[in-house]
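Enquirer:
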Amino acid sequence: MKGLLVKDLMLLKAQKNSLIILVLMLFGFTFIMDNSAMFVISWSLMLGCILSSGTINYDEFDNGNAFLFSLPITRTAYSLEKYGFCIITSLVTWLLAVVLVLIKNTSSIDIDDVLVPALIMIPVVFLAISLMIPLLFKYGNEKGRLMFFGVFAAIYFVLFTGIKDTISNIMVDSFINSIIEYAIENTKVFLAILFMIAIIILLISIGASIKIMKNKEF
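Throughout, our numbering is defined as the position within the sequence shown, counted from one, plus 1026.
1) When we look at the beta-carbon of K1108 and count the other beta-carbons within 10 Å, is it buried (16 or more) or exposed?
2) Can you tell me whether DSSP reads D1136 as helix, strand or coil?
3) Let me know the secondary structure DSSP gives T1100 once reduced to three states.
4) Would you check if the stretch 1161-1181 and the stretch 1118-1138 touch, i.e. whether three or more CB-CB distances between them fall below 8 Å?
5) For the putative contact between I1155 and I1113, defined by C-beta atoms under 8 Å, what is the C-beta separation to the nearest angstrom?
6) Can you give the beta carbon distance from T1067 to M1147, rounded, assuming they're within the 8 Å contact cut?
7) Excluding the 5 residues flanking M1027 on each side, which residues of the same chain have their C-beta closer than 6 Å to its C-beta?
8) Using the three-state DSSP reduction, which class does N1131 fall into: helix, strand or coil?
9) Which stretch, first to last residue, makes up the alpha helix (DSSP H) that contains A1234?
10) Should M1034 go down as buried or exposed, given a rule of 16 or more other Cβ atoms within 10 Å for buried?
11) Quick check: the Cα distance between D1139 and E1086, rounded to an integer number of angstroms?
12) Output the distance between the C-alpha atoms of G1074 and N1241, rounded to the nearest integer angstrom.
13) So for G1110, helix, strand or coil by DSSP?
14) State the CB to CB distance for the pair S1116 and L1048, rounded to an integer number of angstroms; the pair is presumed to be in contact (CB under 8 Å).
15) In chain order, what residues of the same chain have a beta carbon less than 6 Å from the beta carbon of A1144, not counting five sequence neighbours either side?
16) Can you tell me whether G1029 is helix, strand or coil according to DSSP?
17) Secondary structure at G1176, three-state DSSP: helix, strand or coil?
18) Taking 7 Å as the limit between beta carbons, can you name the residues of its chain near L1153, skipping five residues before and five after?
19) Work out the CA separation of A1063 and I1193 for me, nearest whole Å.
20) Within this structure, are the beta carbons of I1099 and G1029 separated by less than 9 Å?
Set out below in structure tokens:
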């Protein structure tokens, strides 16, 4: 497991020019844009998720997986490492974004106004990882990413466009408002529920990914 983590870190290091540009963009979004806190934090989480999951593509390149699994590495360990690496990378970029946002707004914003929404974003990225990794394992990098973004685009389209009106505008708005009200009144409980749901889905996803990898031929 440690060797796999080192390998993926080296793969990220090989993209240092892209990483530098993305970090500079993160600084730019934080200090140039007004009211950018949640955008910066959510963007940083997805950035970490996408960058780390890109190592799956590198592993598949030039039949690399066939060589990788000729080493004393189990497919279960490989699957677990990918989830761990994605989570670690996402949390590192999340922490960097939160620190930058707090530095920028240290005298003009309540820390809780940043930390609570920022914490809510963590289960969201766990859900994204839970969806993305099985798709990448099953369908490969290009097709898997297209399907991943297609699912999120479909959800956004249904919730935030005119289709919502044809389904049930009142029902959707009422449901969303009730969740927001509960979250405001019971912040800690709401966060705990979100994390529990995200972890359960993450565990299900890990099981599915392990099964996919065990059945995959290289």
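We put the beta carbon where it would ideally sit given N, CA and C, even for glycine.
Keep in mind the model is a prediction, meaning the values are calculated, not measured.
Expert: Here's the rundown:
1) buried
2) coil
3) coil
4) no
5) 7 Å
6) The identity of residue 1067 in the sequence shown is Ile, whereas the question assumes Thr. The pair is a contact, with the Cβ atoms about 6 Å apart (cut-off 8 Å).
7) A1103, E1107
8) coil
9) 1213-1241
10) It should be noted that the sequence gives Asp, not Met, for residue 1034. D1034 should be labelled buried.
11) 42 Å
12) 28 Å
13) helix
14) With a Cβ gap of about 13 Å, S1116 and L1048 do not count as contacting.
15) I1067, V1124
16) helix
17) helix
18) A1224, I1227
19) With a pLDDT of only 49 at I1193, under the threshold of 50, the placement of this residue in the model should not be trusted, and no figure is reported.
20) yes
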